[in-house]
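Note sheet for the following structure.
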C-alpha cells in the first residue's frame, strides 16, 4: 500500500535548467516577451482594469448560479440540434466519446488542443482502443510525436528549440534533420497533417466559453485547426468543463478582449469560432464534464480558481515557471494556475507544487479574471503542512523558524550569532542540495555589519527620542 | 439514456450542494468610449498587423481582376459571392472534402472589427464552412461602411441564434509554436486579403 512519491518539481526543474545553456534562457526570454506584449496591449485599452473586474464578476456570478446556467445551456444547445452529454469524471467522459465514435465506426480522429481532454487522459484512452488520434495544433502535435504532455497552456512546445523540433520531425515524419527553419518545419507538418484531416471520421475540440443564453460554445485558435476539425468531418464532439459557462452573448465581448491580449499579447486569436448546434449536414455532440469541478466549487479558499479562462498569462510572468519549464510540474496544468488546480485532483502527488513559487504575486497581478492565485498558493502550502505532507527538510526549517520568530530574544541572539557564522559557514552546508535547494545558482548577499534593530536604537538615541522600547 | 440522466442529476446535485454561500450579482457592462480615429484606418492597421492585406476595389470587375493579379497560377477559385464568378461555385459543393484542392476561396464578411482587424463570417456567408479553412488563400469582401469599433459592439451585431457557425477571422492561419517564430499558413489559409467593396 505504498503511495507514489509526490512530484519532485524542484528536481524536475533542475533537469530542464541544467540540460545546457540554451533551453532555459530561451524559454525565459520567449515567455517574458509574451508578458511584455501583454503589457503593451493592455496599456492600449483604457478600460483594461475595468474589463478585468467585469470578467471577474461575470465569472463569479456564473459560478454562483452554475446549476441554472448549465441547464439553460443544455436546453438551448439541445433546441439547436446538439446532443448534450454529462460526464461526472474523466472515465465517464472518455467512455461517452468512445461510444459515440464506435457507434459511427470512426477509427481516425483529429483533435484541436483541449486541456480538458488532456486532463481526462483521452488521447491515450482512445489510442488503446484502436482509434487513431491526431493532434492538429502544431505545438500539440510536436508534443504528441515526442510522447510528452503540453508544457504550456497556449504554447505547448515552447520549451523546445527549433533544433529539437527538427530532430523530432526527422525521426517521426522524415524531414531533413539539419533544416531547422520554423517556416520549413511548419510547412512539413501542414503537408503531413492535411491528408489526416481529410481522412478523419470525426473532429474534436474543447471550448473556451459556453454561452447559456444561446447554447453556443466558442473555440479560439490561431491555426484554424479546430475549425478544420469541425467543418470537414461529418461529426464534431466538443468537451466542455462545466466552469466554462457564461450567461450571455454580450459577456463574450469582455472575455474575448481579455483572453488573447493576456496570453499572447494579440487583440484576438486569429480565429474565434462560435458553434451553435450542428453545422449544415453535420452532427454535434457536447460533453459537459465535472471531473472534480463541483467539489472545487465547495472549497471556500479555492473555488475562485474555477474562474480561469486558460489564457497562460500567469505562466508567462512566473519566474519559477519561466526558468524551470512546464514539464517540471508533472501535471496537466503547469505554472501558477497549475499549482492551485493540480492539488484538487491529488493533493499528495502534487503536494510539492505550492512550494515551487516565490509568492511574488505577479500571477495575480496579470490574471485577466483576477484570481487570487498567489494567495491560493500560500493557502495550499498551509493545507499541505496540515496534512503532514511536508518533506523533512521543510518541516525542520519551518519548525525552527516558527519557534525563533515567536521568541524575540532568541531571534536577536541568533541574528548576532548567525552573521559571523554565515561568513564562516562551509559552502557544502549552505548550498546543500537537500537542505537548501534555493542556495543553488544563488549567492547569499553580503550581510550588513549592523542589524536593523541596532541601527534603529542608535538612530533614535542620536535624535534624542527615548520613547522607544528599552 | 438512463446513465445520462443519472450523471446529469448527480452533477447538478453536487453543484447545488457546493454553491458558494454568497451569490454574486451579474454586473452591467457599460458602453466604453471608442477612440477618436476613423474606424477604417484603425481596422486596416490591425488587419496588417494580423498578417492580412487590404485593397480598395471599385467594382466587381476590378475585384475579379485583382484576384487574378494576386494569384495568377491559381487553378481552382471557389466563390461564395456573386461579385466574383471563380472556377467553382460554393453553392455546388455537397461535401466539404470537395474543397481540398481549392487555391483561392472568395467570400463576403458581414462586418469588420476595428480594434482587431477581424471580420465576421457565418455559415450563410461561407455556404460551406470548410471554404474558409481548406482554401490555400482567402479573399474577403467587406463593405467599408460595415466596421464596428470593438468586440462589445460586434456582439451587439452578431445573431448567434440565427446561425450554426460564425467566426471572427483575424488574418491568415498563424502559429508561433516553434521558437515563438511567427509563421503564416499553419493549417488553414496561408494568406488573407480584404477587398473593400460596398454591398451591391
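Residue numbers (my numbering), protein chains in the order written: chain C, 5 to 474; chain U, 41 to 240. Backbone N, C-alpha and C fix where the C-beta goes; we use that ideal spot for every residue, glycine too. Since the model is a prediction, treat every value here as computed from it, not as a measurement.
| task | Please check if any C-beta of chain U sits within less than 8 Å of the C-beta of residue 271 of chain C. | result | yes
| Do residue 320 of chain C and residue 39 of chain C have their CB atoms nearer than 8 Å? | yes
| query | Could you give the distance in angstroms between the alpha-carbon of residue 337 of chain C and the alpha-carbon of residue 252 of chain C? | reply | 28 Å
| message | Can you tell me which residues form a DSSP beta bridge with residue 87 of chain C? | response | C/289
| task | Please list, in chain order, all residues of the same chain as residue 202 of chain C whose beta carbon is under 7 Å from its beta carbon, the five residues on each side excluded. | result | 236
| field | residue 167 of chain U, enclosing alpha helix (DSSP H) - first and last residue | value | Run containing residue 167 of chain U: none; DSSP gives neither H nor E here.
| request: With 8 Å as the threshold, decide whether the Cβ of residue 245 of chain C is near any Cβ in chain U. | output: no
| field | Residue interval of the alpha helix (DSSP H) (run including residue 266 of chain C) | value | 253–267
| field | Proximity to residue 152 of chain C [Cα-Cα], best of C/125, C/33, C/240 | value | C/125
| Of all the CB atoms in chain U, is at least one closer than 8 Å to the CB of residue 275 of chain C? | yes
| message | What residue range does the alpha helix (DSSP H) around residue 155 of chain U cover? | response | Neither: residue 155 of chain U is in no alpha helix (DSSP H) and is coded neither H nor E.
| Three-state class that DSSP yields for residue 318 of chain C in the structure shown | helix
| What first and last residue would you give for the beta strand (DSSP E) that runs through residue 93 of chain U? | 93–96
| field | Beta carbon of residue 58 of chain C nearer than 8 Å to that of residue 258 of chain C | value | yes
| query | Using a Cβ-Cβ distance under 8 Å, would residue 72 of chain U count as near chain C? | reply | yes
| message | Relative to the C-alpha of residue 206 of chain U, which candidate in U/166, U/239, U/227 has its C-alpha closest? | response | U/166
| task | Could you say which of U/136, U/151, U/102, U/175 lies nearest to residue 117 of chain U if we only look at CA atoms? | result | U/175
| task | Pull up the CB-CB distance for residue 58 of chain U and residue 302 of chain C, whole angstroms please, since I reckon it's below 8 Å. | result | 3 Å
| Cβ-Cβ distance between residue 383 of chain C and residue 67 of chain C below 8 Å | no
| message | Between which two residues does the beta strand (DSSP E) holding residue 476 of chain C run? | response | Limits of chain C in this structure are 5 at one end and 474 at the other, which puts residue 476 of chain C out of reach.
| Proximal residues to residue 228 of chain C (C-beta, below 8 Å), its chain only, five neighbours per side dropped | 274, 275
| Alpha carbon to alpha carbon, how far is residue 102 of chain U from residue 170 of chain U? | 26 Å
| field | C-alpha distance - residue 45 of chain U paired with residue 91 of chain C, whole-angstrom precision | value | 10 Å
| query | Would you report the Cα separation of residue 223 of chain U and residue 186 of chain C, rounded to the nearest angstrom? | reply | 7 Å
| message | Any C-beta of chain U within less than 8 Å: which residues of the segment 215–247 of chain C qualify? | response | 215, 218, 220, 226, 227, 228, 229, 231, 232, 234, 235, 236, 246
| query | Does the beta-carbon of residue 199 of chain C have 16 or more other beta-carbons within 10 angstroms, so that it is buried, or is it exposed? | reply | exposed
| Between the segment 186–196 of chain C and the segment 186–194 of chain U, do three or more beta carbon pairs fall short of 8 Å? | no
| message | Just verifying my parser: in three-state terms, what is the DSSP assignment at residue 6 of chain C? | response | Reliability fails at residue 6 of chain C, whose pLDDT of 45 lies under 50, so the model's placement of it is uncertain and the value that follows must be treated cautiously. It is coil, neither helix nor strand.
| said: Tell me the residue span of the beta strand (DSSP E) that contains residue 478 of chain C. | reply: Here chain C covers residues 5 to 474 and nothing more, so residue 478 of chain C does not appear.
| task | Quick one: give me the first and last residue of the beta strand (DSSP E) that residue 221 of chain C is part of. | result | 220–225
| Tell me the DSSP bridge mates of residue 394 of chain C? | Bridge partners of residue 394 of chain C: none, in fact.
| said: For the segment 138–148 of chain U against the segment 211–225 of chain U, do three or more pairs of beta-carbon atoms, one drawn from each stretch, fall closer than 8 Å, so that the two count as touching? | reply: no
| query | List, in order along the chain, the chain U residues whose C-beta lies closer than 9 Å to that of residue 500 of chain C? | reply | Any property of residue 500 of chain C remains undetermined from this structure, which presents chain C solely from 5 to 474.
| task | With DSSP as the reference, label residue 472 of chain C as helix, strand or coil. | result | Reliability of the predicted coordinates at residue 472 of chain C is poor, the pLDDT of 46 falling under 50, and the value obtained from them is presented with this limitation in mind. Residue state, collapsed to three classes: coil.
| said: Rounded to the nearest angstrom, what separates residue 297 of chain C and residue 135 of chain U at their Cα positions? | reply: 39 Å
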